[in-house]
Amino acid sequence: MKLKFSLITILLVTSIQAREVIVYTYDSEKNHMFEVLNELMAKNGVKKEDFRFIKKKNPCEDIYKSALLHVCFKGEEAEPFIVRQDKRVLQNTFGQ
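Residue 121 in our numbering sits at position 9 of the sequence shown, with consecutive numbering throughout.
Quick look at the structure:
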C-alpha cells in the first residue's frame, strides 16, 4: 500500500480547519487505508467529527459540494485521487 506524504499532510492540516474531510473507497472491507488514516488523525489530535469515511459504489463522484477536501480511493490498493478541494484554504495554509 502506497501512501503519499503530501496527501497525508494535506489531510491533517485541512481537517483541522474544515467541517468535514470525506474519504471514499470502492471496497472498504479490503482497503486498510482507513486504519492508517484513523491512527494518524488520532495521533495529531484531529477530532473524529472533522473527517468521515464513506463507502460508495462510485467513490469518485463529485457529490459532496460542501467538503473542503474530498479524496477517493477506488479499489483495494488504489492511489488516492483528489476529487474536490478548497484551493484558497489550502494555499493560505501552506503559504504561511
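Yeah, the Cβ is synthetic: ideal placement off N, Cα and C, and Gly gets one too. Because the structure is a prediction, the values reported are computed rather than measured.
Check	Outcome
I need the boundaries of the beta strand (DSSP E) containing VAL195, first residue and last residue.	193 to 197
Would the C-beta of LYS168 count as close to the ligand MN, meaning under 7 Å from any of its heavy atoms?	The ligand MN is not part of the structure shown, which contains no ligands of any sort.
Determine the contact status of MET153 and PHE163, defining contact as a CB-CB distance below 8 Å.	yes
If you reduce the DSSP assignment to three classes, tell me which class LYS167 lands in.	strand
Alpha carbons only, please: which of LEU181, GLU161, LYS159, LYS177 is nearest the one belonging to PRO192?	LEU181
Which residue marks the beginning of the beta strand (DSSP E) containing LEU149, and which one marks its end?	Element bounds for LEU149: not the beta strand (DSSP E) but the alpha helix (DSSP H), 145 to 155.
Are there 16 or more other CB atoms within 10 angstroms of the CB of VAL148, so buried, or fewer, so exposed?	exposed
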